[in-house]
Amino acid sequence: MPTRNCSTWERSTWERSIWERLSNGFAPSGHVAVNTWDEPVHVTTRDGSSPSSRPAFGNWRLALYLNTFCSVSPSGSRAIIIAHGFALSPKVVNKIAAGEIIVAPVHALKELIENAVDAGSTSLEVLVKEGGLKLLQITDNGSGIQKDDLPILCERHTTSKITSFEDLTSIATYGFRGEALASISHIAHLSVTTKTKDSAVAWRAHFLDGNLVPAKPGQSAEPKKVAGRDGTQISVEDLFFNIPTRRRAFRSPSEEYNKIIDMVGRYAIHCQGVAFSCKKQGESGTSVSVQASASTTDRVRQIYGSSVGNELIEFATSDDRWAFKADGLVTNANYHIKKTTFLLFINHRCVESTTIRKAIEQVYATFLPKNGRPFIYLSLEIDPARVDVNVHPTKREVHFLNEDEIIQVVCEQIRTKLAEIDTSRTFMTQTLLPGAQWTDAASKSAVQDGDGGPPLAATSGSSRPRRNSKNLVRTDTSLRKITSMFTAVPATDQDENNTAAGDDDVLAAPENIQYATVDKESTVCRLSSIKELRAAVRDDMHHDLTEVFAGHTFVGIVDEQRRLAAVQGGVKLYLIDYGFACFEYCYQIGLTDFGNFGSIRFSPPLDLKELLRIAARQEKAEVQSPEEDFEVEHVVRRVAEQLMERREMLLEYFSLEITPTGELRTMPLLIKGYTPPLVKLPRFLLRLGPYVDWTSETACFETFLKELASFYVPEKLPPRKGRADSSENAEVTTRRKNIRWAIEHIFFPAFKARLVATKPLMKGGVLEVADLKGLYRVFERC
């Protein structure tokens, strides 16, 4: 036992140094106090008894133990506190461990999502109240929990994922420690409602501190029979109710809710085939809603917006040397933000890695402007034997072998993809001149079959499986029409007279529009009214028709006056009212990009009242009876006043700018590459007065966006009298060419990418014209 003798000179200095370190408090129970200074030093416990194993010491001999504490006893006598080692109670241990694993509501949600996915769920619904501190509920349709397993469900280290430590080398599930539910039950009130497929009823159980507890005092703690659907619903209430300091550390429920939305969005993007939804309790609209059938690109678009979704590059790579494969989505050089959005999954586990993030940011440094950052979604699948998942309490970090080599391979693949896009973005191509020679690469290109497969071998003895002709889809949606590569050539007067109307398809070209990029960070819409309108579109979705649009092949425009086009979907031919489809698409774009529209700028600005006056005169000319007649100037003044009163809101939400002097400066831009028919602009502005409900927020946004969608619908054109209609003026001819190009090359490709076909569209805008199987039956060739 180390001791120290103090001389007279050292006395005051030694005493003062001790007391400078120890000034407040008292000897805690279970510790030993050594009284000192002017009386003989003797060892006493906190209750005053003298243990026989402790010797007494002479004056000014201080027994100093390593890692001891000193303080003032309640009586005022000075003391050195010598700590005894003793085991903490299980309740304290469990509470400490729970605080390490569940740091915030989002960590509890992460554990619950992973458990639900491990159970084979295809649908997850998250309900949140006060940022998850008051209520955090997740409902899935997985395999459920057996009733016999409920009593031990929340015991620590109870899991069905592994049976020995060696199983960690081949772990393929999210969970493996059996601590998630146990930890939650020690810091919250936990209830579980579960039903397996072979069970006739659901069972509900309540847990606290890892044990079953009754729902109400005086009731039995055993699980109760309740009505329920297959799967499990876990409700976490009053999180951190017994750790007040932790609960007070959370600044605001909205901040915690944003973290929850971010976590749900990450798993929604990664978990293919699983539907996700997340909303606040008491709200009808959802903050996150992803269908199970949505692709990864569509999931990114729904969660992070079209500004990210439209600029994504897909990549994939692998290397057998390091036993890994990687795939993901990254944005091209056209997109950049101030802070990197990095979604990393290693063996399907959402983790963080500063090393990987900085390496990929370094790749982008040569492509993006200064301080520009990308969006990155990366999924790494590494041999489980080469990954250590048990290195962090919340499992947000993992270690794996050959980290530097794997990062280098991934970065090289991303750099290659970006270089390809950068080349096509920087270097322009031109039409091949007559007499010019093809490049060697083109002359050496192999002939491929109609399905876009590998080059066909010129062997005579090869045999192919026989296919039923009536089920053969005679098109490849990945092929590109040769007419889409033609450029418009200015025609001479003689050419205009001799050009057939049918050549419009060949000569049709995009409008000569100049765009300027505005460096404006996109805003996240949190208005409940917009969320309700988005949810209404999702609820009205026609799944079969959406699949038809997602895989269709454009055939051609049938009637420009009635706005009809033909498309092929599988072995069926459909007639589409493209006016109706464009209306639905533009309305959905308005909801998706709400508050983030581009703008069409008029230079010089247009007189608002003059535009309204033009439309009012047109309306007055179409009046059928005296009762419907109106005074033009009165209507113009009323509508102009309405728009001027709300011009700040129109600019903020819809990018429709009206100057204080009553001039129209900008209009919202919904679709890049397409200019709405400006001939409809006066009537659009006039209809904003009587046809927009300005009294209710939800109704206002809905009616305004529908009027905006109607404005963007391509106009009806008069039918041509013949194939070579020389009487049609040049303006109508130009409009016809622009509309035909936009329908084929802008709208229908956009329908394929992101149109949610609705039931009204199916009922009033789509007609099945022919079915290949039916045609074979009619002509007796089946």
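Quick note on my numbering: the sequence shown kicks off at 63 and runs consecutively.
C-beta atoms are modelled at their ideal positions from N, C-alpha and C, and glycine is treated no differently.
For residue i, count neighbouring C-beta atoms within 10 Å of its own C-beta (all shown protein chains included) and say buried if the count is 16 or more, exposed if not.
| i | result |
| --- | --- |
| arginine 679 | exposed |
| methionine 603 | exposed |
| glutamate 690 | exposed |
| valine 831 | exposed |
| asparagine 559 | With a pLDDT of 42 at asparagine 559, under the threshold of 50, the modelled position of that residue is not reliable, and the figure given next carries that caveat. Under this definition asparagine 559 is an exposed residue. |
| isoleucine 214 | exposed |
| glutamate 474 | exposed |
| leucine 829 | exposed |
| asparagine 394 | buried |
| valine 818 | buried |
| lysine 172 | buried |
| lysine 259 | exposed |
| lysine 799 | buried |
| proline 776 | buried |
| glutamine 556 | Its pLDDT being 40, under 50, glutamine 556 is placed unreliably in this model, and the value from its coordinates should be taken loosely. It counts as exposed. |
| valine 840 | exposed |
| glutamate 622 | buried |
| threonine 348 | buried |
| phenylalanine 611 | buried |
| serine 183 | buried |
| threonine 723 | exposed |
Quick check on the DSSP output: the beta strand (DSSP E) that includes residue i runs from which residue to which?
| i | result |
| --- | --- |
| proline 666 | 660-669 |
| aspartate 389 | 386-393 |
| phenylalanine 407 | 403-408 |
| glutamate 459 | Per DSSP, glutamate 459 belongs to no beta strand (DSSP E) and is neither H nor E. |
| alanine 627 | 626-631 |
| aspartate 202 | 197-202 |
| isoleucine 615 | Correcting the residue identity first, residue 615 is threonine in this sequence and not isoleucine. Where threonine 615 is concerned, the enclosing beta strand (DSSP E) stretches over 615-621. |
| arginine 448 | That residue, arginine 448, is in no beta strand (DSSP E); it is neither H nor E in DSSP. |
| glycine 293 | 293-299 |
| lysine 191 | 185-191 |
| alanine 289 | From DSSP, alanine 289 is part of no beta strand (DSSP E); its letter is neither H nor E. |
| lysine 341 | 337-342 |
| cysteine 412 | 411-413 |
Taking the CB atoms as reference points, tell me whether residue i and residue j lie closer together than 9 Å.
| i | j | result |
| --- | --- | --- |
| phenylalanine 377 | glycine 390 | yes |
| tyrosine 753 | threonine 765 | yes |
| isoleucine 619 | glutamate 806 | yes |
| valine 471 | phenylalanine 462 | no |
| isoleucine 476 | isoleucine 444 | no |
| arginine 845 | isoleucine 399 | The requested residue 845 does not occur in the structure, where the chain is confined to residues 63 to 844. |
| leucine 767 | leucine 726 | no |
| isoleucine 438 | arginine 419 | yes |
| valine 190 | lysine 342 | yes |
| arginine 218 | alanine 244 | yes |
| valine 254 | leucine 212 | yes |
| glutamine 334 | threonine 358 | yes |
| leucine 301 | leucine 195 | yes |
| alanine 277 | lysine 286 | yes |
For the alpha helix (DSSP H) containing residue i, name the first residue and the last one.
| i | result |
| --- | --- |
| serine 368 | 368-371 |
| leucine 374 | Taken as a continuous stretch (DSSP letters only), leucine 374 belongs to no alpha helix (DSSP H), being part of the beta strand (DSSP E) at 374-381. |
| isoleucine 331 | 315-332 |
| tyrosine 397 | Looking at the DSSP string, tyrosine 397 is not in any alpha helix (DSSP H), and its letter there is neither H nor E. |
| glycine 641 | 640-654 |
| valine 179 | 167-180 |
| glutamine 353 | That residue, glutamine 353, is in no alpha helix (DSSP H); it is neither H nor E in DSSP. |
| leucine 589 | Note, leucine 589: premise wrong, no alpha helix (DSSP H); not H, not E. |
| glutamine 424 | 416-426 |
| leucine 607 | 605-612 |
| threonine 307 | 306-310 |
Assuming residue i and residue j make a contact with CB atoms under 8 Å, what is their CB distance in whole Å?
| i | j | result |
| --- | --- | --- |
| lysine 257 | glycine 204 | Lysine 257 to glycine 204, Cβ: 10 Å. No contact. |
| isoleucine 305 | isoleucine 375 | Not confirmed; about 45 Å, so no contact. |
| arginine 663 | threonine 728 | 5 Å |
| valine 326 | isoleucine 408 | Between isoleucine 408 and valine 326 the Cβ distance is about 19 Å, and since that is not below 8 Å, they are no contact. |
| glycine 652 | leucine 732 | 7 Å |
| glutamate 594 | threonine 760 | 6 Å |
Is there a Cβ of chain B sitting closer than 9 Å to that of residue i, yes or no?
| i | result |
| --- | --- |
| alanine 627 | Protein chain content of the structure displayed is limited to a single chain, and chain B is not contained in it. |
Secondary structure, beta strand (DSSP E): runs of 3+ residues fully inside the region 707-742: 725-731
Completely contained alpha helix (DSSP H) runs for the region 236-286, where each covers 4 or more residues: 242-249
Every unbroken alpha helix (DSSP H) inside the region 753-838 [4 residues or more]: 759-774, 792-804, 810-816 and 821-827
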